[in-house]
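Protein chains: 2
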Amino acid sequence: MAANLRQVADRAGVSVRTVSNVVSGFALVAPDTRERVQRALDELGYRPNAAARHLRGGRSGLVALVIPEIASPYFSELAAHLVRAAEARSWMLLVQQTDGDPERERRLFDGVRGQTVDGLILSPWALSPADLRRNPDATPMVLLGEQDADGLLDHVAVDSVAAAADATRHLLSLGRRSIAAIGAQPHLHNGTAARRLLGFRQALAEAGVPADPAREIAVDRLHRADGAAAMARLLDRGAPVDAVFCFSDQLALGAMHAAAERGVRVPEQLAVAGFDDIEDGRYAGPTLTTISPDKQAIAEAALTCLADRLARTPYTGPARRITIDHTLLVRGSA
Amino acid sequence: MAANLRQVADRAGVSVRTVSNVVSGFALVAPDTRERVQRALDELGYRPNAAARHLRGGRSGLVALVIPEIASPYFSELAAHLVRAAEARSWMLLVQQTDGDPERERRLFDGVRGQTVDGLILSPWALSPADLRRNPDATPMVLLGEQDADGLLDHVAVDSVAAAADATRHLLSLGRRSIAAIGAQPHLHNGTAARRLLGFRQALAEAGVPADPAREIAVDRLHRADGAAAMARLLDRGAPVDAVFCFSDQLALGAMHAAAERGVRVPEQLAVAGFDDIEDGRYAGPTLTTISPDKQAIAEAALTCLADRLARTPYTGPARRITIDHTLLVRGSA
DNA sequence: AACGTGGCATGCAACGTGGCAAGTGGTAGA
DNA sequence: TCTACCACTTGCCACGTTGCATGCCACGTT
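Residue numbers (the working numbering), protein chains in the order written: chain A, 1 to 334; chain B, 1 to 334.
Given below as structure tokens:
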């Protein structure tokens, strides 16, 4: 097995080049020659050598996805869409995780490229805009989320300001006025958290509800445990809270868990809204009201960006900033 | 950028071969030469060309993970461990999903190999043992789960019979006697489901509880929705059920959801146990009692198998069947 | 009969790297 | 002074593929 073009060519009595033409199907080959070669291909079980094609053609057929954590439901659901969308474009998806570590993030950001992958889909966590701008080679790259790199890089994201405002307005529409936000990340260059906080504040301001910094809870990570801890802090402080907008569903699920542990009823005493529309939220008790980004559209848009950049290499056109639709899904928790 | 050995060699005033020696660090190079070359490497920002190395050396540094769904929490958590374990061995992980489609499964099983990846980690869903045995090239391969391919392929799995029996015995120890099982898959060549059913039956038999086929519910997939539907069928039938062992946590979470919808209290009226120990279970209401497989150990074992096979290619030694430890985690649901 | 054309097939070269074995220059010992 | 040896360096080749340019042949035209 592992026959190469030369062996197939010998067997079919033609040149290597002709076999290559048959395999790629593009060049001009006489029908009977084509058939003879095809038979040899089948008999020997020929499979194109990816390494040689990569070396010759400069394309690996690989796209890297660099994210904080693949085990996080939002990212694993997104990865599922990306794998499918990539397959439709004859790409395969390489998954790398940074574990939220800036050093690893920088290393992967620099390292995965180097002719290994055709493109890079990066969800930055701690990298600063300055880090991001430093794109040493011409590897096409798309950023997920709103990192505000001065519009120099392709971005795909929902409008976090609008979405956060939508969620907050919904909580306001329920008559809640003591609304907290969980998920601020002032210590990170994380445009996403900052923009969700902005949308939250805007909606409160619109409704004439005074901002209360004590109700804006920062978290280190976006795990359930962080949401639970934040909720616990909020409740144990004793200040009135009748609703909470969490910047991710994971945070929201953790927050609901902490509320349940303290006997606080959701949604009666505490309305909870999340962000991401992960599957768990649909089965939580109560089911989670959330902002649903169109994940399939994100995947499609990201790959389209890469494909476009790749088509005209080196394409140094203006960065694209693609905004993806979102929906407010009202369920049981708010 | 994208300098190659030749350019570095020209700059350093040495031969390509010497630069290669410096880069790989293995051969004999005079200290001052090494330093000079190193400077040229740094100045030009040299990065080894993955394609050329792959072509020359036959190793791509890639391992493929072929699973039904990356969005499924069990698999995404496992993938997280695999990415980390792979990185420790200088491998990168390529993720492919079959969506439970036998045709795609077969295609990926055959197709990903072909010199593209150094190894294959496969979690078969619908492929028959006969399909699995047909390993056309020598690409090292590890199976996750118990597919019973006559011991011809490397396997890594927990002992599903023992684990299912452990979970069932726990339900029995609570005094429950009307115990159902959700997750049978008689229509698939799925050794895992079959073995969990076997363990379930064994534990019942040990306790002298008669087997009741009507309490063994089959499912098509392992999603929450399947668990919810199965639970609904079970409850709506009106036959007494005071406990249920689900073959996955996703099924269990769905089942708990369906129970809650019908006002059935867990664990008072219905004890629920799952399998997989996914993160959601730790935050469900009530928290989910489950069998916890050591996922990190699975990841390590799978990669070790691949590495061993790869080290002595073509290693046609006997297949290894590695059994991974599991623990029963007793939490709120049972 | 010589020529041009178009359909098809082929040889050469190169992508960047690393194994192999030979080559270089210098030093120590005979 | 010659040789043997050592430490270091190098040229050549092959991995499998595809772009390019060219070769060959048959057929129809002039």
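For each residue, glycine too, the CB sits at the ideal point set by N, CA and C. Fair warning: this is a prediction, and the values are worked out from it, not measured in the lab.
For a cut-off of 8 Å, the C-beta gap from tyrosine 283/B to arginine 262/A is around 15 Å, too long to register as a contact.
Taking 8 Å as the threshold, the shortest C-beta distance from glutamine 97/B to chain A falls below it. Annotated three-state conformation of arginine 34/A is helix, per DSSP. Scanning chain B for C-beta atoms nearer than 7 Å to the C-beta of tyrosine 283/A yields Arg224, Leu253, Gly254 and His257, reported in chain order. Residue state for alanine 3/A is assigned as coil, using DSSP reduced to three classes.
Under the Cβ criterion of 8 Å, threonine 289/B is not counted among the residues facing chain A. Relative to the Cα of aspartate 276/A, the nearest Cα in the group Ala207/A, Ile298/A, Ser90/A and Arg11/A belongs to Ile298/A. Around the Cβ of glycine 208/B, a 10 Å sphere holds fewer than 16 other Cβ atoms; the residue is exposed.
Neighbours of glutamate 69/B in chain A, taken as residues whose beta carbon is under 7 Å from its own, are Ala80 in chain order. Taking one beta carbon from each stretch, the region 95-102 of chain A and the region 54-68 of chain A have 3 or more pairs nearer than 8 Å; the two touch. In this structure phenylalanine 200/A is buried. Its beta-carbon is surrounded by 16 or more other beta-carbon atoms within 10 angstroms.
In this chain, the beta strand (DSSP E) harbouring isoleucine 217/B covers 216-218. Pairing alanine 51/B with leucine 120/A gives a Cβ-Cβ distance that is not under 8 Å. The C-beta of valine 264/A comes no closer than 8 Å to any C-beta of chain B.
For glutamine 250/B, the three-state secondary structure derived from DSSP is helix. Pairing aspartate 242/B with alanine 271/B gives a Cβ-Cβ distance under 8 Å. For threonine 304/A, no CB of chain B lies under 8 Å from its own CB, so it is not counted at the interface with that chain.
Note that the C-beta distance between isoleucine 278/A and aspartate 249/A is below 8 Å.
Along the region 8-90 of chain A, the beta strand (DSSP E) occurs as fully enclosed runs of 3 or more residues at 62-67, listed in sequence order. Note on serine 160/B: 16 or more other CB atoms within 10 angstroms of its CB, so buried under the neighbour-count rule. For a Cβ distance threshold of 7 Å, nothing in chain A lies close to serine 15/B: the least Cβ distance comes to about 21 Å. The beta-carbon of serine 60/A is placed less than 8 Å from the nearest beta-carbon of chain B. Partner residues in a beta bridge of glutamine 296/A, as assigned by DSSP, do not exist. Around alanine 27/B, the same chain offers Asn21 as residues with beta carbons nearer than 7 Å, after the five sequence neighbours per side are excluded. Nearest to serine 333/A by C-alpha distance, out of Ile322/A, Leu188/A, Arg196/A and His170/A, is His170/A.
With a threshold of 8 Å between beta carbons, proline 124/B makes no contact with chain A. CA-CA distance, tryptophan 91/B to glutamate 268/A, rounds to 50 Å.
In the three-state reduction of the DSSP assignment, valine 264/A falls in the coil class, being assigned neither a helical nor a strand state. In the displayed model, aspartate 159/B falls within coil according to three-state DSSP, outside both helix and strand. Against serine 76/A, the close residues of chain B are Ile70, Ala71 and Ser76, in the order they occur along the chain (beta-carbon pairs closer than 7 Å).
As computed with DSSP, methionine 256/A is found in no beta bridge at all. The beta carbon of tryptophan 125/B lies closer than 8 Å to those of Pro68, Thr98, Gly100, Pro102, Glu105, Leu188 and Asn190 in the same chain, with the five residues before and after it left out. Around leucine 55/B, the beta-carbon contacts reaching into chain A at under 7 Å are Ala51, Ala52 and Leu55.
Boundaries of the alpha helix (DSSP H) harbouring leucine 235/B: 224-236, taken from the DSSP string.
Excluding the 5 residues flanking it on each side, alanine 239/A has no same chain C-beta neighbour closer than 6 Å. Among the CB atoms of chain A, one or more fall inside 8 Å of the CB of methionine 92/B.
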